[in-house]
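S.K.:
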């Protein structure tokens, strides 16, 4: 029997093992092992059993043609092939990566400089087979369709704008090749109805669909809408599901028992071999950018996958990323731009901007402006619902000593601890918590001051002001339990509460028919972030907030802030994205920010602060030495926050003219760290914007 060899990646995240190793496939496993399988094999001098993934299978001739003789220590002698070790067996109860998922893992490895084992693990959101519990039911079955709402939607007649977009996209579908679309439409313009119609056409062709959502809290609404149209032909997957539930949903996709998968960014790695469509809802949302290695941008991964499988990519947003909109406006980009300029079933809400400085001058020191209190009382009397958005959770956000001005910080992160109503000070980065001290640990003073506000305190104040109102709170603290998001959303949708208070998870894309008033409690906080995207992020989030009001009837939104003269606030009141975009793109062009340049953000992490500082300074010198262009090298500087989970972080930012140039500096930086005198003490991560 002709020998078969396997190229294997060891399932260990160590830079030294970020390469493949060649093993012999024993005769009894030939034909039983395929690329993507997880196998067990002897590794190293001690022949320790290790697990790893098969990247590819090779014949002897293929092995020779790959020139492994020069690259691999195994082939220093002409008879080295005879000394290769054999695979022992296929790992039991482990999920294999399909051909397309392996391609995506390799793409992640090359594009984001992450270890290949980490990338393979990333493309497998479910790692092992879980035997079904007799009591376990399909997670989809718990989503119950409200027949009254369904009937209302069934009677909706699509307008000319919607029908034109559907027809244009369906025409592209017929080509059966990669095509990309951006649907830019105001909040409530019927973007969901458009992509549901497109899904219908894709399913008729026998193909599969991935629908990506930015927030787990949106799962309930999205699944219900799709279930109304496509019944049980849906699966869901997200991190708050149990391991068993995730496996059941993943297995449905792998076996072809479902054609639609709904989930946050990890759902892009669905095991669909016949993919026809990827939908990215609220494409502007920052959650589509992974903050852990590999630090991928979901739209880039989706674009790669759709090209590989000749599928269609549709992105939707009322506030598309400035870069994406800039590219979509350029016909040469290949992105088809579609616009929905008006709401489908109502008019845009009226927006009021409230100057909280004037409120303070007039003696109102509460977070509720007098105007907001009047409007809330009016809505309660009319039996209509209200949403209050606060971008901080917890009770008090600052806990300090009035005597020595000591602020209580997390010992593991460079952030202030937040006071919660259970008497604990908590870190919202690493989870550290401690009892609130009765005296200052630094000077022993009893004069402790608590100020600032989070969602918990807002809830308490709201109940005090409106004791007859039924109030719900939705943030990370109230959604810890299984199905926590769904339970709160369902209660509010069913009219079991009058007011919902929450962080951004309550305002992303939700459609509550009875909400006629939305208020943003401190709208300008995000304007002060140290990022060139601060205005874009603020405009996007506030537009989403405003857009939750008046989805079926007249609605109003109240923006409370201190910086009422900001251009961003002016555009929010007008709800004019294109005017905002024109101003923002002008600002970007003047200062040469993306899309007019590429920013390489180099993050250097270490537990040793002194070594980190030394390496960062030296890296900048290296980059300056090899800077043969007009690239601008900024830093090194402390990140914000500069320490998370006992890891110090410094950043160097390189402003480059092209992507090729950015990747050149990235490669140079990686090589420098790889050959540093203490490479194990430092980790390097990259983002290119």
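Residue numbers (the working numbering): 72 to 760. Here a beta-carbon is modelled for each residue, glycine too, at the ideal position from N, C-alpha and C.
(1) Within the stretch 643-698, note down every full beta strand (DSSP E) run reaching 3 residues or more, in order along the chain.
(2) So residue 136 is in the alpha helix (DSSP H); what residue range does that whole segment cover?
(3) Out of 110, 595, 325, state which residue places its alpha-carbon closest to the alpha-carbon of residue 158.
(4) Strictly by DSSP, which residues pair up with residue 350?
(5) Helix, strand or coil: which one does DSSP assign to residue 148?
(6) Any idea which residues DSSP pairs residue 119 with across the strands?
(7) From the DSSP output, in three-state form, read off residue 721 for me.
(8) Could you tell me which residues DSSP pairs with residue 92 in its beta bridges?
(9) Which stretch, first to last residue, makes up the alpha helix (DSSP H) that contains residue 364?
(10) Alpha carbons only, please: which of 415, 443, 404 is nearest the one belonging to residue 423?
(11) With 16 other CB atoms within 10 Å as the buried threshold, where does residue 266 fall?
(12) What is the DSSP secondary structure of residue 176, reduced to helix, strand or coil?
(13) Which residues in the same chain as residue 143 place their Cβ atom closer than 6 angstroms to its Cβ, once the five residues preceding and following it in sequence are excluded?
(14) Enumerate in chain order the residues of its own chain whose CB-to-CB distance from residue 129 is below 6 angstroms, with the five nearest sequence positions on each side excluded.
(15) Taking only the alpha-carbon atoms, compute the straight-line gap between residue 624 and residue 617 and give it to the nearest angstrom.
(16) Quick one: is residue 190 buried, meaning 16 or more other Cβ sit within 10 Å of its Cβ, or exposed?
(17) Considering only C-alpha positions, which residue in the set 327, 734, 751 is nearest to residue 757?
(18) Taking all protein chains shown into account, decide if residue 318 is buried (16 or more other Cβ within 10 angstroms of its Cβ) or exposed.
(19) Considering only heavy atoms of the ligand NAD, does any lie closer than 7 angstroms to the CB of residue 124?
(20) Roughly how many whole angstroms lie between the Cα atoms of residue 736 and residue 280?
(21) According to DSSP, which residues form a beta bridge with residue 545?
(22) Would you identify the three-state DSSP class for residue 187, choosing helix, strand or coil?
(23) Our contact map puts residue 686 next to residue 695 with C-beta atoms below 8 angstroms; I'd like the distance itself, whole angstroms only.
(24) Does the distance from the C-beta atom of residue 335 to that of residue 185 stay below 8 angstroms?
(25) Could you spell out the range, first to last residue, of the alpha helix (DSSP H) harbouring residue 555?
(26) Assuming residue 669 contacts residue 759 under a Cβ cut-off of 8 angstroms, what Cβ separation, rounded to an integer in Å, is found between them?
(27) For residue 141, is the classification buried or exposed, using 16 other Cβ atoms within 10 angstroms of its Cβ as the cut-off for buried?
(28) Excluding the five sequence neighbours on either side, which residues of its own chain have a C-beta within less than 6 angstroms of the C-beta of residue 148, listed in chain order?
(29) Consider the Cβ of residue 414: report whether some Cβ of chain B lies at a distance smaller than 8 angstroms.
(30) Give the secondary structure of residue 595 by DSSP, where H, G and I count as helix, E and B as strand, and everything else as coil.
(31) One question on the structure: do residue 409 and residue 251 come within less than 8 angstroms of each other, judged by their Cβ atoms?
(32) Check residue 238 in the structure and name its three-state DSSP category.
(33) From which residue to which residue does the alpha helix (DSSP H) around residue 430 run?
(34) Could you tell me which of 230, 419, 420, 441 sits nearest to residue 429, measuring between CA atoms?
(35) Taking residue 592 and residue 646 to be in contact with their CB atoms under 8 angstroms, please state how far apart those CB atoms are, rounded to whole angstroms.
(36) Have a look at 125, 164, 501 and flag the residue whose alpha-carbon is nearest the alpha-carbon of residue 203.
M.R.: Working from what's here:
(1) Within the stretch 643-698, the complete beta strand (DSSP E) runs of at least 3 residues are 669-677.
(2) Start and end: 131-136.
(3) Taking residue 158 as reference, the option from 110, 595, 325 with the minimal CA-CA separation is 110.
(4) Looking at the DSSP assignment, residue 350 forms a beta bridge with 282, 385.
(5) With a pLDDT of 39 at residue 148, under the threshold of 50, the modelled position of this residue cannot be trusted; read the value that follows with caution. Three-state result, residue 148: coil.
(6) In the DSSP assignment, residue 119 is bridged to 114.
(7) If DSSP states are grouped into helix, strand and coil, residue 721 belongs with the strands.
(8) Among the bridge pairs identified by DSSP, residue 92 is matched with 79.
(9) Segment: none, residue 364 is in no alpha helix (DSSP H) and carries neither H nor E.
(10) Checked all of 415, 443, 404; the closest Cα to residue 423 is 443.
(11) The residue is buried, with at least 16 neighbouring Cβ atoms inside 10 Å.
(12) Three-state result, residue 176: helix.
(13) Confidence in residue 143 is poor, its pLDDT being 41 and thus under 50, which makes the residue's placement too unreliable to answer from.
(14) Cβ neighbours of residue 129 within its own chain (closer than 6 angstroms, five residues either side excluded): 76.
(15) C-alpha separation (whole angstroms): 14 angstroms.
(16) Label assigned to residue 190: buried.
(17) Closest by alpha carbon: 734.
(18) It counts as buried.
(19) Questions concerning the ligand NAD fall outside what the structure shown contains, since it holds no ligand whatsoever.
(20) Straight-line measurement puts the Cα of residue 280 at about 37 angstroms from the Cα of residue 736.
(21) Per DSSP, 573.
(22) In this structure, DSSP gives residue 187 a helical state, which the three-state scheme calls helix.
(23) The beta-carbon separation of residue 686 and residue 695, rounded to 15 angstroms, does not stay under the 8 angstroms limit for a contact.
(24) No, Cβ-Cβ distance for residue 335 and residue 185 is not below 8 angstroms.
(25) Unbroken alpha helix (DSSP H) run through residue 555: 555-564.
(26) Contact between residue 669 and residue 759 holds: their C-beta atoms lie close to 6 angstroms from each other, under 8 angstroms.
(27) With a pLDDT of 42 at residue 141, under the threshold of 50, the modelled position of that residue is not reliable, and no figure is offered here.
(28) The predicted position of residue 148 is uncertain, since its pLDDT is 39 and thus under 50; no value can be drawn from it.
(29) Among the protein chains of the structure shown there is no chain B, as only one such chain exists.
(30) Note: residue 595 maps to coil in three-state DSSP.
(31) The answer is no: Cβ separation not under 8 angstroms.
(32) In this structure, residue 238 counts as helix in the three-state DSSP scheme.
(33) First-last of the alpha helix (DSSP H) with residue 430: 427-432.
(34) Nearest in C-alpha terms to residue 429, of all of 230, 419, 420, 441, is 441.
(35) Contact doesn't hold; Cβ gap of about 19 angstroms is too wide.
(36) The alpha carbon of residue 203 has as its nearest neighbour, out of 125, 164, 501, the alpha carbon of 164.
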